[in-house]
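The structure appears below as structure tokens.
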């Protein structure tokens, strides 16, 4: 729309008589306007229109890219990114053990703290 208005802009006629929509708003922001209030340069309007066109194209291509059919999950393409739980209840067991203060991680932490008490070299683990 902005590029259309720049292409049809006539500097000799007032903006309100040309039926322009966007250019008057950009002119009130001071883009391309001289000290007397007349439009001296349409280049800022052109740049604004081109930037809007490019950003719309980028968004459009992004939508097309994500709309294309592809693999359902990452593991189908790259199996080394996945972790297969042999025991599906293991995650539940780990979380319940952590909430109860028991389990392998808690045991390892307590063992490290005992070593820190016995040996000052491990004191930074406390």
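In my numbering, the protein residues as written are 25 to 150.
Glycine included, every Cβ here is placed at the ideal spot set by N, Cα and C.
Taking Cβ to Cβ, would you say residue i is nearer than 7 Å to residue j?
{"i": "residue 44", "j": "residue 25", "result": "no"}
For residue i, count neighbouring Cβ atoms within 10 angstroms of its own Cβ and tell me buried if that reaches 16, exposed if not.
{"i": "residue 56", "result": "buried"}
{"i": "residue 134", "result": "exposed"}
{"i": "residue 29", "result": "buried"}
At a cut-off of 6 Å, is residue i close to the ligand SAH when judged by its beta-carbon and the heavy atoms of the ligand?
{"i": "residue 139", "result": "Inclusion of the ligand SAH in the displayed structure is not the case, the ligand content being empty and no account of it being possible."}
Quick check on this structure: which residue in the options has the alpha carbon closest to the alpha carbon of residue i?
{"i": "residue 40", "options": "27, 58, 59, 63", "result": "63"}
{"i": "residue 33", "options": "119, 66, 85, 121", "result": "66"}
Give the C-beta separation of residue i and residue j to the nearest angstrom, bearing in mind that I take them to be a contact with Cβ-Cβ under 8 Å.
{"i": "residue 127", "j": "residue 118", "result": "7 Å"}
**Prompt:** Is the region 58 to 75 in contact with the region 39 to 50, if contact means three or more CB pairs nearer than 8 Å?
**Reply:** Touching, yes.
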